[in-house]
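Undergrad:
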Amino acid sequence: MRFIIVRSSLCQENCPEWISAEGRITADTPARFRKILKKMGDRKLPVVFRSEGGDVDAAYGMGRMIRKAGLETAVGGTRLNGCLVQDTLCDAAIAKDGTAAGYTYSAGAYCFSACPLAFAGGTSRVASQWSFIGVHQITTIYNRVRVSYRIEYKIVNGKKKEISRKEIGRTAAGQSSSTKLGKKANAALTAYLKEMGVSDQVIDMMMSATPDSIHIVPAADALRTGLMTDMLAYNEWPGMPLCAPDAAAETVCRRHPAAAAPVAVAAPEAAGAPAFKASAQNTAEQASESLPKTQPMDFLLMSNGNCQEECKQWISADGDITPDTPARLKAFLETLGGRELPVVLQSNGGDMDAAFAMGRMIRAAGLETSIGKTQLPNCPKLDPRCKTSIAKSGPTEGEVFAGGGHCLSTCTLVLMSGMPRIVGYSNIGLVRPTTAEYTKFFAYFDEMGVSGKTYETMMLGTSIERGNIVRSQALELGIINGIIPNDEEPGLHVCGPEARESLRCPRKAEAEIVPATASVN
């Protein structure tokens, strides 16, 4: 294995650096890696692996060095500037001090055999959907040696007693190998995986493939077992460091911290008002084309039409999901007296546990969910939910549109709880669970009747925070079970309490909602 400190050539300043680690892991690899760490000083550069594997004990040693130094790891190949395609790490591109400029790639990159053991040392361990992590059985090599000695004896009380022994020669006497994981080897492997925070289920994966084959670990399994901690997004590359919590937006790093929502102060509502708002003061500074306003999720009882004669009503749920959102939803639903109105979501997501709680509450109440942008009358475009247009009591009159609506990240967990759950031309996003969150996700998805394949989709999402999917995928996975026709909008599938009996509600029509079994182009 060869080590090169590489600086990214894809940016102009403050460019990330990484350690390119490519080639076979041999017994002297840890010693050479130690020299690189010494040269690196206090810098914490990611280690980018492209290796067919090699010596297991050396991989253990290298992994422990990586963990002690607090370094990240990734699977990827490195191409140095000025090198030919067939010689991506050409000597001519490497400076005398062992550094170079270049870039990394994921497609076809691999970390096989003993390499995943060294890779497991990373404090953060990432790969993309276009690279491969593979494991197989550990082969233990036994070398037989014939040793010759010169031995001197003396006779004591009639018995021969050895008084000296000196080795005078060694000759090879053959070699044997075994793929059986003996007690000592199994204990060493189990202890190492535990030390690195990786499930010992990886051992079963290793034992499932013979030394002359390879078990490619699916991304979902790698994340579930902790072999990987995250997947790279389509616009991220191996060696891109994890963002610091306070990283600026222009910093070249992965998993940028989400912009904090403005702190909201709950405004007192008029007595008997069904709207529970917790929104910040609308200021000119907040209204910006480049930075849309965000606020904790609030709930409004909306109507379309004159409710003295005929109208359709829905619950508009707009904003970020925060830890106290479920409590406010519960209080809001109590004001409805058991009426089953559709919940129209418009949210970037937010707190995951709160989303689970909201979803279970909506499912228990038997409510419909959909996605839509609610527009209140006389509100500016940049503030479609302006406080001045919210009714002090009773429903607020307004309109709702599928176009421009979005339910991203953890909002999708709420969406999938609906009975039914229907979507028009709105954006659906998927949240990617961490390893620690997998158990919760499996339980929640099973509870909501959503396909476990959702996990695979999440793993291969096109964004580190969320991956957008099309409606046909959402139907297939069970995230939604119907499509809103083009001539209708979300939330308009339940009539108001004072509606005339002659009013035709869309829900009553036979072909209003496309069933999940229908094909979607």
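Just so you know, we're using our numbering here: the sequence shown kicks off at 565 and counts up by one. Where is the CB? At the ideal position from N, CA and C, for every residue including glycine.
1) Since Gly790 and Pro610 should fall inside the 8 Å C-beta cutoff, what is the C-beta to C-beta distance between them, to a whole number of angstroms?
2) Closest to Gly901 by CA distance: which of Arg628, Asp915 and Ala929 is it?
3) In this structure, what does DSSP give as the bridge partners for Pro860?
4) Where Val816 and Pro941 are concerned, what is the direct C-alpha to C-alpha distance, given to the nearest angstrom?
5) Short check: CB of Met771 to CB of Arg631, under 9 Å?
6) Which residue from Glu1052, Leu787 and Lys718 puts its Cα closest to that of Ala692?
7) Can you give me the start and stop residues for the beta strand (DSSP E) that Ala638 sits inside?
8) Taking the alpha-carbon of Glu1053 as reference, which of Thr952, Val907, Gln1037 and Thr974 has the nearest alpha-carbon?
9) Quick one: is Asn578 buried, meaning 16 or more other Cβ sit within 10 Å of its Cβ, or exposed?
10) In the DSSP assignment, what are the bridge partners of Ala585?
11) According to DSSP, is Val709 part of a helix, a strand, or is it coil?
12) Start and end of the beta strand (DSSP E) containing Ile697?
13) What's the call for Asp606, buried or exposed, on a 16-neighbour Cβ count within 10 Å?
14) Please name the residue in Gly625, Cys647, Ala665 and Lys599 whose C-alpha comes closest to that of Cys575.
15) Taking Cβ to Cβ, would you say Pro997 is nearer than 9 Å to Met866?
16) Quick one: any contact between the region 744 to 762 and the region 673 to 686, if contact means 3 or more CB pairs under 8 Å?
17) So is Gly634 buried or exposed if we call it buried at 16+ other beta carbons inside 10 Å?
18) Pro1049 and Gly988: beta carbons closer than 9 Å?
19) Taking the alpha carbon of Ala881 as the reference point, which residue from Thr938, Ala755 and Ser957 has its own alpha carbon closest?
20) Bridge partners of Ser934, per DSSP?
21) Comparing alpha-carbon positions, which option in Ala638, Ile569, Ala783 and Gly698 lies nearest Gly617?
22) What residue range is occupied by the uninterrupted alpha helix (DSSP H) comprising Val690?
23) In its own chain, which residues sit with a C-beta less than 6 Å from the C-beta of Phe613, not counting the 5 before and 5 after it?
24) Judging by CA-CA distance, which residue of Ala591, Asp592 and Phe597 is the nearest neighbour of Ile569?
25) Assuming Gly666 is part of the beta strand (DSSP E), what are its boundary residues?
26) Roughly how many angstroms lie between the CA atoms of Phe567 and Ala595, to the nearest whole one?
27) Under 7 Å Cβ to Cβ from Ala848, same chain only, skipping five residues before and after it: list those, please.
28) Under the rule that 16 or more other beta-carbon atoms within 10 Å means buried, what is Lys876, buried or exposed?
29) Identify every residue that forms a DSSP beta bridge with Gly634.
30) When the Cα of Leu745 is compared with those of Val720, Gly733 and Thr704, which residue comes out closest?
31) Measure the alpha-carbon distance for Lys951 versus Pro805 and round it to whole angstroms.
32) In angstroms with no decimal places, state the Cα-to-Cα distance between Met916 and Arg819.
33) State buried or exposed for Glu904, treating a residue as buried only when at least 16 other CB atoms are found within 10 Å of its CB.
34) Give me the Cβ distance between Ile992 and Thr974, rounded to the nearest whole Å; I'm assuming they're in contact under 8 Å.
35) Quick one: grab the DSSP three-state call for Cys575.
36) For the alpha helix (DSSP H) containing Val964, name the first residue and the last one.
TA: Let me spell this out:
1) At roughly 18 Å, the Cβ-Cβ gap does not stay under 8 Å, so Gly790 and Pro610 are not in contact.
2) Ala929
3) According to DSSP, Pro860 bridges with Asp884.
4) 42 Å
5) no
6) Checking the sequence shown, residue 692 turns out to be Ser, not Ala. When C-alpha distances from Ser692 are compared across Glu1052, Leu787 and Lys718, the shortest belongs to Leu787.
7) Thr637 to Val639
8) Val907
9) exposed
10) Phe567 and Phe613
11) strand
12) Residue range Phe696 to Val699 is occupied by the beta strand (DSSP E) that includes Ile697.
13) exposed
14) The shortest C-alpha separation from Cys575 is found at Ala665.
15) No; because the gap between Cβ atoms is not below 9 Å, this pair is not in contact.
16) Note that the region 744 to 762 touches the region 673 to 686; at least 3 beta-carbon pairs, one per stretch, sit closer than 8 Å.
17) exposed
18) yes
19) Thr938
20) Its beta-bridge partners are Val908.
21) Gly698
22) Not the alpha helix (DSSP H): Val690 falls in the beta strand (DSSP E), residues Arg689 to Ala691.
23) Ala585, Val639, Cys675, Cys679 and Phe683
24) Phe597
25) Thr663 to Tyr669
26) Inter-residue distance for Phe567 and Ala595 is about 11 Å (C-alpha atoms, whole angstroms).
27) Residue confidence for Ala848 is low, a pLDDT of 29 falling below 50, so the modelled location carries little weight; the figure read from the coordinates is stated next. If we look at Ala848 and ignore the five residues flanking it on each side, it has no Cβ neighbours.
28) Per the 10 Å Cβ criterion, buried.
29) Answer is none; Gly634 lacks a bridge partner.
30) Per the Cα distances, Thr704.
31) 42 Å
32) 17 Å
33) exposed
34) Ile992 to Thr974, Cβ: 12 Å. No contact.
35) If DSSP states are grouped into helix, strand and coil, Cys575 belongs with coil.
36) Segment Glu963 to Phe965 is the beta strand (DSSP E) holding Val964; no alpha helix (DSSP H) there.
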